[in-house]
């Protein structure tokens, strides 16, 4: 009898801990949303009051767009057209064919009239061997590196080595940049001063958008449920999460699909690590660490209006692989830079961002899954009352819906993209769907990612590419 009394007391205590966990999580999210609102409205006012023509700036910094490609024959041509059409005068585009086994290189040769060139990359960052370098006959600023397979990070390092520009922009080969996206990032780079080492734009879902010659002509909400929910998810993650951390210079993630970096600084810190599947986040965390250790003034910024359109998975198994990989990459990035954790020497990054990402993102799936299971069992067993159960539901689910709806309101008031009233109506409905089933499935896959990391599984997971609409 005493044993079961102990079990009941332990479970009740754990329920209280879970309630405290979700309350703290929501407090963090509310704080981020408030900071994001201030940042976004301030940013919007700055844009309205600014009338600068960037084309009249005497010398714009040179930029290399780096596009690593592995088996991207379906999307590579359209993506490259988007990059070549960018409204930026001092630009070179570098595609890194990372040992593709499909017709990626053949497509590039046919579409862009490639010929061999003698220009070679330097070897400041070690990479797999670059076999051949090509240059386009029709686009003199387009280069293609054909190299042995080494993974995305290795391909990016090869591109960094080959580049001669002050800045480089990393973009996925299945993504499309809006025509002025790069110009807008560089504008913020110039406005903020010379101590910026990295900037990121917003990622939006390209599925079912109207696209021609690499340009998104009309933003549309995806017709399929899965990518449509991801559109809502991305709005909340970027506008609330990243804008919030922006305010305290503690942004740990710049998406690998669209980020602008100071090339010399990236070379200084050793480039992208090839021993993690989260190379984009790990680089940003390491940049924070090194800049603090070297006592340099610096900024890492998120800019909410330059848009990169990317294909979202529309199959559950592909989404599962993606979120499993993201979870493993997140934990690897934190562990490889663990000295930042709760260390005041690293400022807000060490005292705010690192604990947030460790307890609520890395360990979050463990607490969430255990919370759902144990609170439900405790309610059925009569160990907690119905009021406690509904408070848990409010914190775990209803607050999620409220926060997502607030992100949509913020989007409409600042950087609105979806103009069709039907799309707006469905975005609101999807805010409920995201928190009632979808999020719980994603949380389970993230938990599986933690287990796979413990088992030392390092697979990337298969991603399926489809032609842009």
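Numbering (the working numbering), first residue to last: 222 to 690. Glycine included, each C-beta is placed from N, C-alpha and C at the ideal position. Being a predicted model, the structure only gives us computed values, none of them experimental.
Mind checking who residue 425 pairs with in its DSSP beta bridge? Along the chain shown, one-based indexing puts residue 425 at 204. According to DSSP, residue 425 bridges with 530.
Cβ-based neighbour list, residue 535, same chain, cut-off 6 Å, excluding 5 preceding and 5 following: Residue 535 sits at position 314 when you count from the first residue of the chain shown. Cβ within range, chain order: 445, 447 and 448.
CB contact flag (residue 396, residue 300, <8 Å): By 1-based counting over the chain shown, the position of residue 396 is 175. By 1-based counting over the chain shown, the position of residue 300 is 79. Taking a C-beta distance under 8 Å as the contact criterion, residue 396 and residue 300 qualify as a contact pair.
State the beta-bridge partners of residue 368 as determined by DSSP. Locating residue 368 in the chain shown gives position 147, counting from the first residue. In DSSP, residue 368 forms a bridge with 319 and 351.
Taking 8 Å as the threshold (C-beta atoms), are residue 409 and residue 280 in contact? For the purposes of this step, residue 280 is taken as residue 59 along the chain shown, with counting starting at 1. For the purposes of this step, residue 409 is taken as residue 188 along the chain shown, with counting starting at 1. Taking C-beta atoms as the reference points, residue 280 and residue 409 fail to come closer than 8 Å.
Residue burial classification, residue 560 (beta-carbon count within 10 angstroms, cutoff 16): Within the chain shown, the letter at position 339 stands for residue 560. So residue 560 ends up on the exposed side.
I'd like the span of the beta strand (DSSP E) that includes residue 550, first residue to last. Here residue 550 refers to the residue found at position 329 when the chain shown is read from its first residue. Per DSSP, residue 550 belongs to no beta strand (DSSP E); it is in the alpha helix (DSSP H), 537 to 557.
Ends of the alpha helix (DSSP H) at residue 289? Here residue 289 refers to the residue found at position 68 of the chain shown. Residue 289 -> not in any alpha helix (DSSP H); beta strand (DSSP E) instead, spanning 284 to 290.
Could you give the DSSP three-state label for residue 521: helix, strand or coil? On the chain shown, residue 521 is found 300 positions in, with the first residue counted as 1. Residue 521: strand per DSSP, three-state reduction.
Could you tell me how far apart the beta carbons of residue 480 and residue 496 are, in whole angstroms, since I believe they sit closer than 8 Å? What you label residue 480 is simply residue 259 of the chain shown in a count that begins at 1. What you label residue 496 is simply residue 275 of the chain shown in a count that begins at 1. A Cβ-Cβ distance of about 20 Å is found for the pair residue 480 and residue 496, leaving them out of contact under the 8 Å criterion.
Between residue 542 and residue 680, what straight-line distance do the alpha-carbon atoms span, to the nearest angstrom? Position 321 of the chain shown holds residue 542. Position 459 of the chain shown holds residue 680. Taking the straight line from one Cα to the other gives about 9 Å.
Given that a residue counts as buried once 16 or more other Cβ atoms are within 10 Å of its Cβ, and exposed if not, what is residue 343? Position 122 of the chain shown holds residue 343. Counting Cβ neighbours within 10 Å, residue 343 comes out exposed, since fewer than 16 surround it.
DSSP three-state assignment for residue 385, whether helix, strand or coil: On the chain shown, residue 385 is found 164 positions in, with the first residue counted as 1. DSSP places residue 385 in the coil class of the three-state scheme, outside both helix and strand.
Report the option in 333, 247, 452 and 591 whose CA atom is closest to the CA atom of residue 363. For this step, residue 363 is matched to residue 142 along the chain shown. With respect to the C-alpha of residue 363, the residue from 333, 247, 452 and 591 having the closest C-alpha is 333.
Residue 558 versus 246, 623, 574 and 519, residue with shortest Cα-Cα distance: Here residue 558 is taken as the residue at index 337 of the chain shown, counted from 1. For the residues 246, 623, 574 and 519, the minimum Cα distance to residue 558 belongs to 574.
Should residue 347 go down as buried or exposed, given a rule of 16 or more other Cβ atoms within 10 Å for buried? Taking the chain shown and counting its residues from 1, one reaches residue 347 at position 126. Around the beta carbon of residue 347, a 10 Å sphere encloses fewer than 16 other beta carbons of the protein chains shown; the residue is thus reported as exposed.
Based on DSSP bridge pairs, tell me the residues matched to residue 420. Along the chain shown, one-based indexing puts residue 420 at 199. Answer by DSSP bridge pairing, in chain order: 481 and 522.
Assuming residue 232 and residue 599 form a contact by the criterion Cβ under 8 Å, report the distance between their Cβ atoms to the nearest whole angstrom. Along the chain shown, read from residue 1 onward, the residue named residue 232 stands at position 11. Along the chain shown, read from residue 1 onward, the residue named residue 599 stands at position 378. Correct: roughly 6 Å between the Cβ atoms.
Do you know how far the Cα of residue 462 is from the Cα of residue 295? Counting from one through the chain shown, the residue named residue 295 turns up at place 74. Counting from one through the chain shown, the residue named residue 462 turns up at place 241. Computed Cα separation, rounded: 32 Å.
Which same chain residues end up closer than 7 Å to residue 328 when comparing Cβ atoms and leaving out the 5 residues on each side of it in sequence? Here residue 328 refers to the residue found at position 107 when the chain shown is read from its first residue. 294, 297 and 298, listed in sequence order.
Between the segment 482 to 492 and the segment 423 to 436, are three or more C-beta pairs nearer than 8 Å? No, the segment 482 to 492 does not touch the segment 423 to 436.
Do residue 604 and residue 229 have their C-beta atoms within less than 8 Å of each other? Taking the chain shown and counting its residues from 1, one reaches residue 604 at position 383. Taking the chain shown and counting its residues from 1, one reaches residue 229 at position 8. The answer is yes: Cβ separation under 8 Å.
Starting from residue 436 and walking both ways along the beta strand (DSSP E), at which residues does that stretch end? Translated into positions along the chain shown, residue 436 becomes position 215. Note, residue 436: beta strand (DSSP E), 436 to 439.
Continuous beta strand (DSSP E) stretch holding residue 627: start and end: Numbered from 1 along the chain shown, position 406 holds the residue referred to as residue 627. Where residue 627 is concerned, there is no enclosing beta strand (DSSP E), although the alpha helix (DSSP H) around it starts and stops at 620 to 635.
Check whether the segment 238 to 247 and the segment 579 to 595 touch, using three or more Cβ-Cβ pairs below 8 Å as the test. At 8 Å Cβ cutoff, the stretches touch.
Straight-line CA distance for residue 268 to residue 403? To locate residue 268, count along the chain shown from 1; it is residue 47. To locate residue 403, count along the chain shown from 1; it is residue 182. Here the alpha carbons of residue 403 and residue 268 stand approximately 16 Å from one another.
Just the Cα atoms here: how many angstroms apart are residue 644 and residue 468? If you number the chain shown from 1, residue 644 lands on position 423. If you number the chain shown from 1, residue 468 lands on position 247. Going from the Cα of residue 644 to the Cα of residue 468 covers about 30 Å.
Delimiting residues of the alpha helix (DSSP H) encompassing residue 649: By 1-based counting over the chain shown, the position of residue 649 is 428. In the DSSP assignment, residue 649 falls within the alpha helix (DSSP H) that extends over 642 to 654.
Integer Cβ distance of residue 616 from residue 244, believed to fall under 8 Å: As a first step, residue 616 is located in the chain shown; it is residue number 395 there, counting from the start. As a first step, residue 244 is located in the chain shown; it is residue number 23 there, counting from the start. The C-beta distance from residue 616 to residue 244 rounds to 6 Å, short enough to fall under 8 Å.
Quick one: measure Cβ to Cβ for residue 521 and residue 472, integer angstroms, because I've assumed they're closer than 8 Å. Taking the first residue of the chain shown as 1, we reach residue 521 at position 300. Taking the first residue of the chain shown as 1, we reach residue 472 at position 251. Going by Cβ atoms, the distance from residue 521 to residue 472 rounds to 5 Å, so yes, they are a contact pair.
Range covered by the alpha helix (DSSP H) that runs through residue 513: The residue labelled residue 513 in the question sits at position 292 within the chain shown. Start and end: 500 to 514.
Spatial distance of residue 544 from residue 223 (CA atoms): Numbered from 1 along the chain shown, position 323 holds the residue referred to as residue 544. Numbered from 1 along the chain shown, position 2 holds the residue referred to as residue 223. In a straight line, the C-alpha of residue 544 is about 43 Å away from that of residue 223.
Quick check: what's the CA-CA separation for residue 289 versus residue 393? Here residue 289 refers to the residue found at position 68 of the chain shown. Here residue 393 refers to the residue found at position 172 of the chain shown. Residue 289 and residue 393 have their C-alpha atoms roughly 6 Å apart.
Look up residue 357 in the DSSP assignment and give the residues it is bridged to. Along the chain shown, read from residue 1 onward, the residue named residue 357 stands at position 136. Paired residue(s): 335.
Compare the C-alpha of residue 316 against each of 310, 283, 345 and 353 and name the closest. Sequence index remark: in the chain shown, residue 316 carries index 95 (1-based). Relative to residue 316, the option among 310, 283, 345 and 353 whose CA is nearest is 353.
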